[in-house]
């Protein structure tokens with residue numbers, strides 16, 4: 012049986028979605044929403060609406076983090092303001108980049124071990 016690159020990639024993505032990951036996704040989305048609300052309420056010059064996405068990138072992998080970022084912005088676009096929808100792309104890319112950086116071991120040398 013010939014294993015193609017596409018099937019390897021698909022298996023790599025689906026293996027990240029374990030029961031632990033599926034439980035962590037709503038928790039991380041909640042952390043994102045709380046962080047974003049806190050910053051906008053206190054008028055802080057910070058963007059803390061990606062904390063949950065970064066945590067789940069460390070714990071579960073890049074594709075789970077990408078889904079978490081996407082869900083956060085889609086939820087905000089439906090509930091609060093449709094302006095949040097285009098920012099879903101940056102959340103997805105940030106989740107993928109941080110997840111693959113953790114996978115490559117690039118964050119271990121900086122003292123932030125995930």
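Numbering (my numbering), first residue to last: 12 to 125.
Idealized CB from N, CA, C, for every residue including glycine.
Rounded Cβ spacing between residue i and residue j (contact assumed at less than 8 Å)
i: residue 68; j: residue 109; result: 4 Å
i: residue 105; j: residue 36; result: Residue 105 to residue 36, Cβ: 16 Å. No contact.
i: residue 32; j: residue 71; result: 4 Å
i: residue 59; j: residue 50; result: 5 Å
i: residue 84; j: residue 63; result: Wrong, their Cβ atoms sit about 12 Å apart, outside the cutoff.
Same chain, Cβ closer than 7 Å to residue i, neighbours up to 5 away in sequence not counted
i: residue 28; result: 75
i: residue 77; result: 103, 106 and 107
Beta-carbon gap between residue i and residue j smaller than 8 Å
i: residue 95; j: residue 87; result: yes
6 Å Cβ shell around residue i - same chain, five flanking residues per side excluded
i: residue 47; result: 60
i: residue 73; result: 107, 110 and 111
Residue-chain proximity (residue i, chain D), Cβ-Cβ < 8 Å
i: residue 23; result: Chain labels in this structure do not include chain D; a single protein chain is all it has.
Q | 4 or more residues per run - each alpha helix (DSSP H) lying fully within the segment 45-90 | A | 62-70 and 73-90
Q: Can you check the segment 89-119 for any alpha helix (DSSP H) of at least 4 residues that lies completely inside it and give the ranges in chain order?
A: 98-115
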